[in-house]
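Written below as C-alpha cells is the structure these notes are about.
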Amino acid sequence: MEYIKLNNKIEMPLVGLGVFRIEDDQMDQVIKSAYEAGYRHFDTAQMYHNEASLGKACKQLGIRREELLFTTKIDNQNQGYEKTLKSFTESCKKLQVDYVDQLLIHWPGQDAKRTAETWKAFEKLYEEGLVRIIGLSNFTLKHISILEKSGNIMPMTNQIERNPFVTQLELIPALQAKNIAPIAWAPLRRGNCLNETIIKIAEKHQKTPAQVLLRWNIESEVMVIPCSKNPIRQLENLELFDFKLADSEIDAINKLHTGERTSFDPNTYDF
0 MEYIKLNNKI EMPLVGLGVF RIEDDQMDQV IKSAYEAGYR HFDTAQMYHN EASLGKACKQ
60 LGIRREELLF TTKIDNQNQG YEKTLKSFTE SCKKLQVDYV DQLLIHWPGQ DAKRTAETWK
120 AFEKLYEEGL VRIIGLSNFT LKHISILEKS GNIMPMTNQI ERNPFVTQLE LIPALQAKNI
180 APIAWAPLRR GNCLNETIIK IAEKHQKTPA QVLLRWNIES EVMVIPCSKN PIRQLENLEL
240 FDFKLADSEI DAINKLHTGE RTSFDPNTYD F
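Each residue of the sequence shown is one higher than the one before, starting from 0 at the first, in numbering that gives the first Met the number 0.
Below you can see the structure in the form of C-alpha cells.
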C-alpha cells in the first residue's frame, strides 16, 4: 500500500473500502475478506445506517485499534454545533471506538451559518484528540471559503464524486493548492462506467477496467474508496501499484467528462 501525507502530517492509505449499501448481515464477511486482502481504512457514514455493524465486524477481527482507520460522516440532520457533538458521541458508541480517525461533514448544504457551526464542533473534537483528521465531503470552493473565513483549522481532506464522467479537473488542483487532500467516492461510478476507451486501456495493461479507473485517480494523488462485497474484486482493487498510465491514456479518460453525476450537485443541493 502507498500513502498520502496530510497537512497535519498523518498518513492515509491511497485505497480504502467504502461500506455504502453493505447490509448488516453482510458486514462481518465483507470486513473479514477486506482485512485479509490488505484494507485498513473503512469508510462509513451516519447516513448509511451501518456504523454499528462495521464496528462489530472490526471488533471481531481481534486486532489492535491502531491498525485500522475509521471514517464516518455527520448526517445532514445532525449538523450544527451541539447536534454534531451529540451525534459524534453516538457514532463512537456504534463503532465501538474511543476516537474516530477521520470525521467529515457529509454535505455542505446552502446554510453558511450552520456549516460554520458544524466546523467549530469539528475543531473542538480535533483539539480534544477525539478525531485525528477533520475534513469535508462534497464541498466546492465556495463552501470551503466559508470555513476559511470562520474557522481556525483548515480541512485536511475533501471527499468528492470523481470518475471519468465527473473528472473534477478544476477542483482537484485547487484543493491540493490549499493542502486539502482529495478523496474520490464512487470512483467506479457504482459499476456503471464502462466504455470502449477504458476497455482498450485495460486490455493494453492486462488489467481490469476498474483497476484502470482507480489508477487514474491515484496518478493525480487522489485517494479512492471503492465499494465491493466480492473478495476477488476487493483484492483486485488493491493491485494498482505495478503499472502506470501513459499521459495520452490519462488525457483520453479525462475527455470522457460529461458532468453527469450519480448523486446530488453540491452547488444546488440543500436539505
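Every residue gets a Cβ at the ideal spot worked out from N, C-alpha and C, and that includes glycine.
Going by beta carbon distance, what residues of the same chain come within less than 7 Å of residue i, once the five residues before and after it are set aside?
{"i": "phenylalanine 19", "result": "Tyr47, Cys226"}
{"i": "aspartate 100", "result": "Leu68, Phe69, Thr70, Arg131, Ile132"}
{"i": "tyrosine 34", "result": "Leu60"}
{"i": "glycine 79", "result": "Arg113, Glu116, Thr117"}
Which partner residues does residue i have in the DSSP bridge list?
{"i": "tyrosine 223", "result": "Before going further, note that residue 223 is valine rather than tyrosine in the sequence given. The partner list for valine 223 (beta bridge, DSSP) reads Val14, Ala183."}
{"i": "isoleucine 171", "result": "In the DSSP output, where bridge partners are listed per residue, isoleucine 171 has none listed."}
{"i": "serine 136", "result": "Gln158"}
{"i": "lysine 4", "result": "Glu10"}
{"i": "isoleucine 73", "result": "Ile104"}
Specify the secondary structure class of residue i as computed by DSSP and reduced to three states.
{"i": "lysine 206", "result": "coil"}
{"i": "asparagine 253", "result": "helix"}
{"i": "glutamine 158", "result": "strand"}
{"i": "histidine 105", "result": "coil"}
{"i": "threonine 114", "result": "helix"}
{"i": "leucine 193", "result": "coil"}
{"i": "aspartate 241", "result": "coil"}
{"i": "phenylalanine 41", "result": "strand"}
{"i": "arginine 131", "result": "strand"}
{"i": "aspartate 264", "result": "coil"}
{"i": "valine 99", "result": "strand"}
{"i": "leucine 94", "result": "helix"}
{"i": "leucine 60", "result": "coil"}
Tell me which same chain residues have a C-beta within less than 8 Å of the C-beta of residue i, skipping the five on either side of it?
{"i": "lysine 123", "result": "Leu84"}
{"i": "leucine 237", "result": "Met0, Val14, Ala36, Gly37, Tyr38"}
{"i": "alanine 173", "result": "Leu140"}
Return the Cβ separation of residue i and residue j in integer angstroms, given the expectation that the two are a contact with Cβ distance under 8 Å.
{"i": "glutamine 233", "j": "leucine 16", "result": "7 Å"}
{"i": "leucine 94", "j": "lysine 72", "result": "With a Cβ gap of about 12 Å, leucine 94 and lysine 72 do not count as contacting."}
### Task
Would you check if the stretch 203-219 and the stretch 184-191 touch, i.e. whether three or more CB-CB distances between them fall below 8 Å?
yes
* Using 8 Å as the threshold, is the stretch 144-151 in touch with the stretch 165-176, meaning 3 or more CB pairs across them? -> no
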